[in-house]
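Take a look at the structure set out below.
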Amino acid sequence: MAVTLDWFIHHSQLNNIRLVVGNLQSSGEITSVNILDNPDVLKWFKKNELILTTGYIFKDDPELQRTIIREMKEIGCAGLAVKIKRFFKTIPEPLLDEARKLDFPVIELPFFYGFSEIIHTVYNKLYLQQHQQTLQDQQLIMELSEAFFQHKDLTCLVKIAADFFGSPVLITDLSYACLALAAPAAFDSGQLAEAAVAMADQLTEQTMPLTDFSLTLNDRQYLLLASLLPNHLGYLCLLTQNQPTGSQTMAVLHKAAQIMALACEQQQVSRPGPANRAHFFLNFLMHHTQATLEETQQICSFYGFNYHKAWVCASFSLQAYSELPKKKLLPLLQNYCSQTRTDEMAIFTCANDSLFCAFFLFPVESNPVHALNEVRRIADRLCRQAQQLSQLPLPSGISGFHHTLQALHTSFEESLQALALQQRLKQTAPASYFHQIAYHLLLHYYKKDSSQIIESTLQPLLDFDVQNNTDLTATLKVYFQSKFNSSVAAKQLYLHRNTMLHRIEKIKELLHTDLSDMDENFLLYLGLCALDLRKQK
1 MAVTLDWFIH HSQLNNIRLV VGNLQSSGEI TSVNILDNPD VLKWFKKNEL ILTTGYIFKD
61 DPELQRTIIR EMKEIGCAGL AVKIKRFFKT IPEPLLDEAR KLDFPVIELP FFYGFSEIIH
121 TVYNKLYLQQ HQQTLQDQQL IMELSEAFFQ HKDLTCLVKI AADFFGSPVL ITDLSYACLA
181 LAAPAAFDSG QLAEAAVAMA DQLTEQTMPL TDFSLTLNDR QYLLLASLLP NHLGYLCLLT
241 QNQPTGSQTM AVLHKAAQIM ALACEQQQVS RPGPANRAHF FLNFLMHHTQ ATLEETQQIC
301 SFYGFNYHKA WVCASFSLQA YSELPKKKLL PLLQNYCSQT RTDEMAIFTC ANDSLFCAFF
361 LFPVESNPVH ALNEVRRIAD RLCRQAQQLS QLPLPSGISG FHHTLQALHT SFEESLQALA
421 LQQRLKQTAP ASYFHQIAYH LLLHYYKKDS SQIIESTLQP LLDFDVQNNT DLTATLKVYF
481 QSKFNSSVAA KQLYLHRNTM LHRIEKIKEL LHTDLSDMDE NFLLYLGLCA LDLRKQK
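Counted from 1, the sequence shown has number 149 at position 149 by UniProt numbering; the numbering is strictly sequential.
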């Protein structure tokens with residue numbers, strides 16, 4: 001029996017205790033006991049705490065009586081128990097009046113009980129209840145272990161857990177498809193199976209655990225508690241009617257999940273193939289951005305990602321591809337990565353329906369620029385092959401060079417930012433976060449408006465172009481891209497070299513620069529990047 005006011009008044013073996021104000025049916029549990037002997041102690045009271053007092057501190061102060069009731073109600077205390085016939089014959093009316101207004105329980109204690117006896121009685125019950133819960137948890141683990149060693153079917157183990165919790169229990173694979181389910185006898189098994197299918201559909205793109213996920217069974221709402229199986233084969237799920245408040249339920253669920261994982265291994269249930277593993281690792285990168293270093297290390301070790309290496313992440317968007325071309329494209333990407341591996345460079349891949357991600361793993365001492373250029377070269381060839389196969393471009397983004405486990409999510413995020421920039425600027429070649437850092441700086445520091453950068457660097461050139469119907473700004477951009485080589489730039493623009501030289505001189509004149517100062521050149525390049533971003537808004 002739970003420790004409540006009803007237990008305290010009627011079943012605690014303490015006599016002559018009377019409820020003066022309040023409703024026993026609506027009262028919550030008592031989790032601790034405290035004593036009110038001065039007003040300052042109120043700030044130390046806790047929710048669901050039963051408060052004992054002689055009433056001495058407020059015996060001559062009606063306003064303090066009301067204030068104390070209001071504050072205890074706000075804290076969420078279980079009730080106020082007042083000892084009578086010490087400082088007054090009955091509980092003061094102002095206190096009772098305020099308690100009635102707020103529906104706050106007030107209990108009358110007889111004078112012959114000491115507070116120590118009352119506290120001992122309540123805590124003895126709480127400790128006994130906690131001990132019984134621990135014994136019950138141990139009993140569940142023993143029953144599951146016995147069923148496991150007897151090679152019982154997985155459904156049998158799930159039924160043991162369902163009977164223990166008094167709620168439906170499921171084991172799912174990594175895609176949340178149900179592998180085994182059971183419920184107490186009162187549940188409609190057919191409705192439960194239908195709910196499991198609906199749950200899998202809704203959870204496909206979600207993150208676990210989901211404390212806000214709910215579904216209806218037997219006309220009742222159930223919340224989901226889920227524990228990842230330690231061997232990463234799936235989840236042990238509990239559907240509960242009560243909002244999970246304590247850690248006890250999750251603790252026993254985690255222990256049960258360990259035995260369920262062994263049973264799955266024993267019966268070779270839901271062993272994930274490469275596709276499932278790849279999907280789960282990518283799901284981890286996308287949704288578990290707040291994972292601890294230990295959790296990240298465990299995931300990497302389980303799925304074979306060598307985090308002792310340095311790496312560059314390349315992400316390829318599959319969103320433009322329909323189902324049939326995508327089925328042809330994914331094997332092409334996977335096979336190309338497998339064939340590209342060398343003694344100095346390994347490749348780890350993961351994918352889902354909308355994204356293919358490749359981590360190029362290098363020795364930590366590798367030159368970052370060389371590694372980035374190598375990945376750009378491979379990604380470019382991969383995109384060309386994909387376009388030949390499907391007649392569609394394959395958008396791609398490449399991260400910077402990283403070599404610490406803390407940077408795993410950072411590298412993935414950089415590749416997505418580079419991918420987004422490539423699509424925004426309508427580029428065709430794979431976009432490199434490192435090589436386009438100026439764009440990302442602008443997007444980060446000038447999210448709303450980059451016009452100040454443009455005005456401070458390129459405005460004279462832009463004004464001249466408008467007034468004279470020229471395009472010297474585009475000429476300057478090609479000149480930068482051609483590494484300040486006039487001949488190469490002239491060829492790109494289909495101009496005579498002398499015409500190109502004349503344009504460059506005019507640009508220098510308008511901008512008051514000879515293009516020899518690297519700091520000025522960087523600012524001009526930053527202005528050109530800002531102009532690109534403004535055009536593509």
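By construction, the Cβ of each residue, glycine as well, lies at the ideal position given by its N, Cα and C atoms. Model, not experiment: these values are computed from the prediction.
Coarse secondary structure for residue i, derived from DSSP in three states
| i | result |
| --- | --- |
| SER301 | helix |
| CYS77 | coil |
| ASN469 | coil |
| VAL82 | strand |
| ASP353 | coil |
| ALA2 | coil |
| GLN221 | strand |
| THR499 | helix |
| GLY527 | helix |
| SER486 | helix |
| VAL369 | helix |
| LEU52 | strand |
| GLU374 | helix |
| GLU344 | coil |
| THR292 | coil |
| ILE171 | strand |
| SER322 | coil |
| TYR176 | coil |
| HIS232 | coil |
| HIS10 | helix |
| HIS402 | strand |
| ILE91 | coil |
| LEU239 | strand |
| LEU19 | strand |
| ALA186 | coil |
Residues of its chain near residue i, where Cβ-Cβ distance is below 8 Å and the 5 sequence neighbours each way are ignored
| i | result |
| --- | --- |
| THR499 | ALA490 |
| GLN13 | THR121 |
| ILE259 | ILE141, LEU144, SER145, PHE148 and LEU157 |
| ILE9 | ILE17, ARG18, LEU19, LEU24 and ILE107 |
| PRO395 | PHE316, SER317, ALA320, LEU419, GLN422 and GLN423 |
| ILE68 | LEU36, PRO39, LEU42, PHE58, LEU80 and LEU95 |
| PHE87 | THR54, GLY55, TYR56 and LYS59 |
With 16 other Cβ atoms within 10 Å as the buried cut-off, status of residue i
| i | result |
| --- | --- |
| LYS328 | exposed |
| HIS232 | buried |
| LYS125 | buried |
| SER301 | exposed |
| THR245 | Confidence at THR245 is low in this model, with a pLDDT of 47, below 50, so the placement of that residue should be treated as unreliable; the coordinate-derived value is given next. Exposed. |
| VAL197 | exposed |
| ALA407 | buried |
| residue 548 | This structure does not reach residue 548, given that the chain is present from 1 up to 537, and the question cannot be answered. |
| MET345 | buried |
| PRO363 | exposed |
Beta-carbon contacts of residue i that lie in its chain and below 7 Å, excluding the five residues immediately before and after
| i | result |
| --- | --- |
| ALA147 | CYS156, LEU157 and ILE160 |
| ARG341 | ILE347 |
| PRO460 | LEU510 and LEU511 |
| VAL252 | ASP137 and LEU140 |
| ILE91 | VAL20, VAL82, ILE84, VAL106 and GLU108 |
Own chain, CB closer than 6 Å to residue i, minus 5 neighbours either side, in chain order
| i | result |
| --- | --- |
| GLN139 | none |
| LEU501 | SER486 |
| TYR479 | ALA489 |
| LEU382 | TYR336 |
| ALA99 | VAL21, ILE69 and VAL106 |
| PHE434 | LEU372 and GLY400 |
| GLU414 | SER399, GLY400 and TYR433 |
| THR289 | HIS409 |
| GLY76 | LYS47 |
| MET102 | Residue identity differs from the one stated: residue 102 is Leu in this sequence, not Met. Closer than 6 Å at Cβ, skipping near neighbours: LYS73. |
| ALA358 | ALA314, CYS337, ILE347 and THR349 |
| PHE281 | TYR303 and CYS350 |
Cβ-Cβ separation, residue j to residue i (assumed contact under 8 Å), whole Å
| i | j | result |
| --- | --- | --- |
| PHE401 | VAL312 | 6 Å |
| ASN48 | ILE30 | 6 Å |
| ASP465 | THR473 | 6 Å |
| ALA379 | PRO430 | 4 Å |
| PRO230 | ALA261 | 5 Å |
| PHE115 | LEU52 | 5 Å |
| residue 560 | THR457 | Here the chain comprises residues numbered 1 to 537, so residue 560 is not present and cannot be evaluated. |
| LEU154 | GLN267 | 6 Å |
Short CB-CB distance (under 8 Å) between residue i and chain D
| i | result |
| --- | --- |
| PHE164 | Any reference to chain D falls outside this structure, which holds one protein chain only. |
Cβ-heavy atom distance, residue i to the ligand NAD, below 7 Å
| i | result |
| --- | --- |
| ASN335 | Absence of the ligand NAD is noted for the structure shown, with no ligands found whatsoever. |
- Query: Counting Cβ pairs, one atom from each stretch, are 3 or more of them under 8 Å apart for the stretch 55-66 and the stretch 27-40?
  - Reply: yes
- Task: State whether the stretch 291-308 contacts the stretch 370-381, with contact taken as three or more CB pairs (one from each stretch) at a distance under 8 Å.
- Result: no
- Hey, is the stretch 172-184 in contact with the stretch 220-236, meaning 3+ C-beta pairs nearer than 8 Å? yes
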